[in-house]
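Undergrad: Numbering (my numbering), first residue to last: 2 to 341.
Glycine is no exception: its CB is placed at the ideal position from the N, C-alpha and C atoms.
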C-alpha cells in the first residue's frame, strides 16, 4: 500500500533531482553599496559567489586590520572565510556594554556624526542560522580621520552622548558611565600560505587501495577517466539501502553530462551476502568492493557508512557524510562538470 508519506517522498525526490530545487543551485550574492546611489553585484569578484549551500554568515574584523571579513557557515560542507584585503580607508569600532540594560548591549543603537552626516548601527543577536556577529558597531569612515560625536541609545530608551574620537580606534562605551575606553587594536599577523603540494592525500590513498569489481578484477582508482561520484555503503546499512533510489536517479540523469557513478561496498564477512543484496536493490550503477581495513585507512578507524566522495582531475573535491542529499550533491556536480 502506498502511503501519503511515500507519495510525498517520491515527489520530493523528483523535485530535488530535477531542475526545480530551491537549494544548492543559486550562487550566494554579495552587493556593494556605491555611495548610497545604487548597489553593485560583486559576488564573483569577491569570491563569495560559489554554489555551497550557506546557512548563515558573520561579518567581523577577524584579523583586526580595520575592515570587515566574512565567515560563511555551509550546510554539510566546509565553512568559508573571506578575508577582506580591499581598499584601506579609516574606520571606527564601538562596543557597548550595558549595566541597566543587558550587558551585551543587544538592542542598542549607536550613531556617529562626521561633518553633519550620521551613520547608524544597531547591535543585534543573530545574523543567520546558528550564527551571530560580535556585539560591536563597525563604521567605515572613508578619508575622515576624526569623528565629531558618538551617541548611544540604550535598549531602555536612555540616550547617552560621548565626545569626539580619532579614527582607526576600538572603543568601549558603558551605559551610565562618562567617557570612553580605548582598547588596543592588535592586528593579527597574516600567516604565510601553506604549501600542500600538488597531490591530494585522500586521492593518493584511494589509488593504493585494493578496490575490485564483483568478479574480483582490480580497479585502478587513480586512473578514472571521468568525474566520478563514489558512494561507500554496506549490505547491513539500512540508510545505505534507502539511498539506492536517489543514486539510481543520479546515475541516469547525470551520465549524459559525463558523470560516472559507482557504489563501493565495504566488505563485512558477517553482513548479508553482497550479490544477493544487489539482486534485491537492483543498482543501476557499477558496484565495486573495498576491504574494511582499506576503508578505515581512508576515513579513520571504524569510520561509519554511508559516505560519498566526488573525484575529478586527480583529486577528491568533496566528501559527503551520511545520507545522500540530492540537491547538495548536484550543486557540486554542476561545478565539476563545468570544469571538466
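Quick check on the burial criterion: 16 or more other C-beta atoms within 10 angstroms. Buried or exposed for residue 334?
TA: buried
Undergrad: Is the CB of residue 331 under 7 Å away from at least one CB in chain D?
TA: The structure shown has no chain D; it contains just one protein chain.
Undergrad: Can you find at least 3 beta carbon pairs, one from the stretch 103 to 112 and one from the stretch 121 to 129, that sit closer than 8 Å?
TA: yes
Undergrad: Return helix, strand or coil for residue 172, following the three-state DSSP convention.
TA: strand
Undergrad: Can you tell me where the alpha helix (DSSP H) holding residue 151 begins and where it ends?
TA: Note, residue 151: premise wrong, no alpha helix (DSSP H); beta strand (DSSP E) at 150 to 154.
Undergrad: Residue 210 lies in the beta strand (DSSP E); which residues open and close that run?
TA: Note, residue 210: premise wrong, no beta strand (DSSP E); not H, not E.
Undergrad: Could you have a look at residue 183 and say whether DSSP puts it in helix, strand or coil?
TA: For residue 183, the three-state secondary structure derived from DSSP is strand.
Undergrad: Whose C-alpha, out of 228, 130 and 210, is nearest the C-alpha of residue 76?
TA: 130
Undergrad: If we ignore side chains and look at the alpha-carbon of each, how far apart do residue 208 and residue 301 end up?
TA: 17 Å
Undergrad: Mark residue 39 as exposed unless 16 or more other C-beta atoms lie within 10 angstroms of its C-beta, in which case mark it buried.
TA: exposed
Undergrad: Does the Cβ-Cβ distance between residue 235 and residue 267 come in under 7 Å?
TA: yes
Undergrad: Assess, as a yes-or-no matter, whether the stretch 136 to 145 is touched by the stretch 78 to 91 under the definition of 3 or more beta carbon pairs within less than 8 Å.
TA: Short answer: they touch.
Undergrad: Among 176, 204, 171 and 201, which one has its Cα closest to the Cα of residue 188?
TA: By alpha-carbon distance to residue 188, the top candidate from 176, 204, 171 and 201 is 171.
Undergrad: Helix, strand or coil, according to DSSP, for residue 29 in the structure here?
TA: coil
Undergrad: Are there 16 or more other CB atoms within 10 angstroms of the CB of residue 3, so buried, or fewer, so exposed?
TA: Because the pLDDT at residue 3 is just 49, under 50, the model does not fix this residue reliably, and the value given afterwards should be weighed accordingly. Flag for residue 3 reads exposed.
Undergrad: Can you tell me whether residue 2 is helix, strand or coil according to DSSP?
TA: Summary for residue 2: the model assigns pLDDT 46, below 50, so the residue's position carries little reliability, and this model does not support an answer.
Undergrad: Distance check for residue 269 and residue 239, CA to CA, integer angstroms please.
TA: 14 Å
Undergrad: I'd like the list of long-range same chain contacts for residue 135, defined as Cβ closer than 7 Å, with 5 residues on each side in sequence excluded.
TA: 61
Undergrad: Look at residue 84 and residue 57 and say whether their C-beta atoms are less than 7 Å apart.
TA: no
Undergrad: Taking all protein chains shown into account, do 16 or more other C-beta atoms lie within 10 angstroms of the C-beta of residue 20, making it buried, or fewer, making it exposed?
TA: The predicted model places residue 20 with a pLDDT of 49, which falls under 50 and marks its position as unreliable; any figure quoted below should be read in that light. That one is exposed.
Undergrad: Could you check what DSSP says for residue 224 in three-state terms: helix, strand or coil?
TA: helix
Undergrad: Grab the span of the alpha helix (DSSP H) containing residue 277 for me, first residue to last.
TA: 275 to 282
Undergrad: DSSP three-state call for residue 323: helix, strand or coil?
TA: coil
Undergrad: Within the same chain, show all residues whose beta-carbon is closer than 6 Å to that of residue 100, passing over the 5 residues directly before and after it, in chain order.
TA: 176 and 177
Undergrad: Starting from the Cα of residue 271, find the closest Cα among 253, 295, 258 and 237 and give me that residue.
TA: Cα-wise, what sits closest to residue 271 is 237.
Undergrad: Compute the beta-carbon to beta-carbon distance between residue 96 and residue 151, rounded to the nearest angstrom, for a pair I have assumed lies under 8 Å.
TA: 12 Å between Cβ atoms; not a contact.
Undergrad: Below 7 Å between beta carbons: does that hold for residue 262 and residue 251?
TA: yes
Undergrad: For residue 282 and residue 51, what's the separation of their Cα atoms in angstroms?
TA: 35 Å
Undergrad: When DSSP labels each residue in this structure, what does residue 64 get in the three-state scheme?
TA: coil
Undergrad: Applying the 10 Å Cβ sphere with the 16-neighbour rule, what's the burial state of residue 205?
TA: exposed
Undergrad: Are the CB atoms of residue 232 and residue 220 nearer to each other than 7 Å?
TA: No, the Cβ-Cβ distance between residue 232 and residue 220 is not below 7 Å.
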